[in-house]
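Protein chains in written order, with this note's numbering: chain A, 37 to 425; chain B, 37 to 425. What follows is a set of notes on a single structure, which appears directly below.
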């Protein structure tokens, strides 16, 4: 196990009707003038926005609004949000929505406190200060409600880049599973795939002797395998939604990743898909991950056999562990299909002829590499895309 | 799943040599004059105290010292600590040791900020304010390094009582598994039993639909079953120690207990044993828990069969699930014996004739009850003690 630090100071408020406490928590965490930041009309249509405003009014907290966050959130709205916060002397940002609204809120929170161009943070400048961010989560997926990470797409060149800092961890996050009961099956499945992907990025590691985090990773995956099909079959099943929602937070606040090298190449490989086709991140991951697994499996057959046995319920083939490893990947792919996810380029609507462009945009050049489990060169990434055709 | 809040704001620093950063973290979290609080001479003999002092000196942080915390820490030293902190204008308490030193530090931290008798908190008064506490952990056991709980014994009548508040959660905790490599096998096993008991108290619940926390509980237990025998057989095995140490934190910061009713009757039943005989808490739990399980098993055979299959590796007896449930308890008892734990009154050095006294001291009277999985009356507790003879 590697040395590590772990810090997850977010105050989580979980359960039915909890969005009505948003005002109370904004006040408790020092907000007096809030930017309410959200995406499309669903937050308005579901009356979530009204309920949150009412709870702010009840606490005497002032607010301004900025809607319009898009999936794969854009830098343009971040600049707008920074400007608005400065004009209105906002001291707290409250994101309503999923990962996109929260990531956009985090970028604004960091930008407000910075004199330069906020994009600097997405080119590697450390984030040392930010306005406090609170969230009311409406989809179990990105895990941004418990993480210090944000991913923003710059319109020029559709560059999708991430940044992170402990100061971006939300001060509170409100998770009401009821708010996810109205999600269509496809979005539910995309979110679930994203959650599972966050675990896989941590699970496939070269660090030895990490039983506790292996087991915690497996716990989240086993929960998803049980609960996601239930939530797809019965969208109103509160308990299935609740288990998935909490699993989504646990999957990405980094409790599962401490003390071990993490990979994250599949996320980068996927980012090129969602940037080019504007498809859902989860759907892109469903296409990339099985291909990546197939490509790198031989690097550590035992680890792939372990997940096959412990998570996918395969019987260990002691005479031929590679068969067990393969069977695990096969079951994962079947699981993805069963919840309605695409697992090929074709099903996703991606094109073979764009592969060279995506590989080029990843920017590895001839000798750069991606990921740590198996460091991938451009030619490897190209083969992974081809395995997903 | 029940509604819940979860808050674990402790900054964890984990790994080799991390105790040398104590001074840095005290300073980062606002300490300028520290009470170093510890137990027996082992902290001195191992030179841990010297290394911590050096790191405080390096940061220009002043300190005073108070050693002498005993296992099952006493109120007398807490009063002394409160007095010392006030005289010396201490603004930060740094505990070096295990649960006893940390619990004592938390009680002092709350007491310093309170005008009345600190024992009020152990009779139910809410704790609203406390000095910040940091810890350098030397044994994986109590989980106090990540919890807001403290247990103190009042000398008058040997009353062992708990108190808790989010303000008592340590601001930072330093966990270096190397510091646990010198622990004798018996203490290692006692600590491990305590960790597993923290999981059981949460696992046995009447709350339905808690798959994610069930699975996380099982993850910690499976880790312990693998790693504890290794740490007993090879005390210097850093990786076994590391997995156990992090599992011990995860077992008790309440991530595993959110959204579900918890039991905690076995802890209360054990407290009477350790208060009366001054035995290690973990050893007492090894005696109480199998007896409690045997006594309550029929309340929910399926849950006991689940843990038997998922954790103890039993094959499900579909014709007779009760046999599976029993087999799980049997394997747990065998595991405890294999790591050198007592599982009977006799092995612990407890006496049958003291049972009525212990039941009486629990204070349930004729109609009071203990625990939530199966609310236990005095007569039930008596039978549980007798099952452990």
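C-beta: ideal position from N, C-alpha, C; glycine also. It should be emphasised that the depicted structure is a prediction, and the values quoted were computed from it without experimental measurement.
Closest residue to residue i among the options (Cα-Cα distance)
i	options	result
residue 182 of chain B	A/393, A/44, A/339, A/334	A/44
residue 94 of chain B	B/75, B/83, B/63	B/63
residue 422 of chain A	A/410, A/399, A/382	A/382
residue 158 of chain A	A/379, A/110, A/410, A/318	A/110
residue 343 of chain A	A/366, A/321, A/355, A/331	A/366
residue 89 of chain A	A/172, A/407, A/335	A/172
residue 59 of chain B	B/162, B/92, B/83, B/42	B/92
residue 40 of chain A	A/292, A/320, A/357	A/292
residue 174 of chain A	A/80, A/335, A/302	A/80
residue 246 of chain A	B/275, B/186, B/376	B/275
residue 407 of chain A	A/416, A/300, A/349	A/300
residue 164 of chain A	A/202, A/179, A/135	A/202
residue 336 of chain B	B/319, B/243, B/102	B/243
residue 141 of chain A	A/124, A/122, A/169	A/169
residue 57 of chain A	A/391, A/42, A/84, A/38	A/84
residue 18 of chain B	B/412, B/178, B/348	The structure shown does not extend to residue 18 of chain B, since chain B is modelled only from 37 to 425, so the question has no answer here.
residue 214 of chain A	A/272, A/204, A/179	A/272
residue 223 of chain A	A/393, A/358, A/419, A/375	A/375
residue 135 of chain B	B/339, B/419, B/184, B/418	B/184
residue 22 of chain B	B/391, B/126, B/262	This structure leaves residue 22 of chain B out entirely; chain B is present only between 37 and 425.
residue 78 of chain A	A/104, A/329, A/55, A/412	A/104
residue 205 of chain A	A/289, A/360, A/357	A/289
residue 331 of chain B	B/413, B/388, B/354	B/413
residue 399 of chain A	A/415, A/410, A/386	A/415
residue 314 of chain A	A/338, A/369, A/361, A/385	A/385
residue 409 of chain A	A/126, A/124, A/333	A/333
residue 248 of chain A	A/296, A/65, A/321	A/296
One or two residues paired with residue i in a DSSP bridge
i	result
residue 200 of chain B	B/185
residue 301 of chain A	Per DSSP, none; premise fails for residue 301 of chain A.
residue 43 of chain B	A/47
residue 222 of chain B	Beta-bridge pairing links residue 222 of chain B to no other residue.
residue 171 of chain A	A/131, A/209
residue 101 of chain B	B/72
residue 110 of chain B	B/189
residue 292 of chain B	Per DSSP, none; premise fails for residue 292 of chain B.
residue 85 of chain A	In DSSP, residue 85 of chain A forms no bridge with anything.
residue 412 of chain B	B/406
Integer-rounded CB distance, given that residue j should sit under 8 Å from residue i
i	j	result
residue 143 of chain B	residue 114 of chain B	5 Å
residue 50 of chain B	residue 207 of chain B	Not a contact, Cβ separation roughly 16 Å.
residue 210 of chain B	residue 167 of chain B	In fact, because the Cβ distance is near 18 Å, the residues do not count as touching under 8 Å.
residue 256 of chain A	residue 42 of chain A	Contact flag wrong, Cβ pair sits at about 16 Å.
residue 318 of chain B	residue 131 of chain B	So it is not a contact: roughly 19 Å between Cβ atoms.
residue 188 of chain A	residue 156 of chain A	At roughly 12 Å, the Cβ-Cβ gap does not stay under 8 Å, so residue 188 of chain A and residue 156 of chain A are not in contact.
residue 106 of chain B	residue 133 of chain B	Contact flag wrong, Cβ pair sits at about 11 Å.
residue 380 of chain A	residue 425 of chain A	6 Å
Requested in this report: May I ask you to verify whether the region 235-244 of chain B touches the region 196-207 of chain B, counting CB pairs closer than 8 Å and requiring at least 3?
Outcome: no
Query raised in the report: Just by C-beta distance, which residues in the region 283-302 of chain B are closer than 8 Å to chain A?
Result: 283, 286, 291, 294, 295
Report task. Closer than 7 Å, Cβ to Cβ, to anything on chain A: give me those residues from the region 258-274 of chain B, in chain order. Result -> 258, 259, 262, 263
Query raised in the report: Contact between the region 294-307 of chain A and the region 317-332 of chain A: three or more CB pairs below 8 Å?
Result: yes
Query raised in the report: Of the residues that make up the region 38-49 of chain B, which ones have a beta carbon closer than 9 Å to any beta carbon in chain A?
Result: 38, 39, 40, 41, 42, 43, 44, 45, 46, 47, 48, 49
Requested in this report: Tell me, please, whether the region 58-74 of chain A touches the region 94-106 of chain A by the rule of three or more beta-carbon pairs shorter than 8 Å.
Outcome: yes
Query raised in the report: Touch check for the region 248-256 of chain B and the region 265-280 of chain B: three-plus C-beta pairs under 8 Å?
Result: no
Requested in this report: Quick one: which residues of the region 239-254 of chain A get their C-beta closer than 7 Å to a C-beta of chain B? List them in chain order.
Outcome: 245, 247, 248, 251, 252, 254
Report task. For the region 216-228 of chain B and the region 139-158 of chain B, state whether three or more C-beta atom pairs, one from each stretch, are separated by less than 8 Å. Result -> no
Query raised in the report: In chain order, what residues of the region 48-78 of chain B put their CB closer than 9 Å to some CB of chain A?
Result: 48, 49, 50, 51, 52, 53, 54
Query raised in the report: Three or more C-beta pairs closer than 8 Å, one from the region 280-287 of chain A and one from the region 274-284 of chain B: is that the case here?
Result: no
Query raised in the report: When Cβ atoms are compared, which residues of the region 342-373 of chain A fall closer than 7 Å to chain B?
Result: none
Query raised in the report: Does the region 182-193 of chain B come within contact of the region 343-356 of chain B, defined as at least 3 CB pairs closer than 8 Å?
Result: no
Requested in this report: Residues of the region 88-109 of chain A with a CB closer than 8 Å to any CB of chain B: list them in chain order, please.
Outcome: none
Requested in this report: Determine which residues of the region 148-172 of chain A have a Cβ less than 7 Å from any Cβ of chain B, and write them out in chain order.
Outcome: none
Requested in this report: Could you name the residues of the region 119-151 of chain B whose beta carbon sits closer than 8 Å to any beta carbon of chain A, in the order they occur along the chain?
Outcome: none
Report task. Report the residues of the region 399-419 of chain B with a CB closer than 8 Å to any CB of chain A, ordered along the chain. Result -> none
Query raised in the report: Which residues, in chain order, does the region 175-205 of chain A contribute to contact with chain B at a C-beta distance below 8 Å?
Result: none
Report task. Using a Cβ-Cβ cut-off of less than 8 Å, list which residues of the region 307-331 of chain A approach chain B; keep chain order. Result -> none
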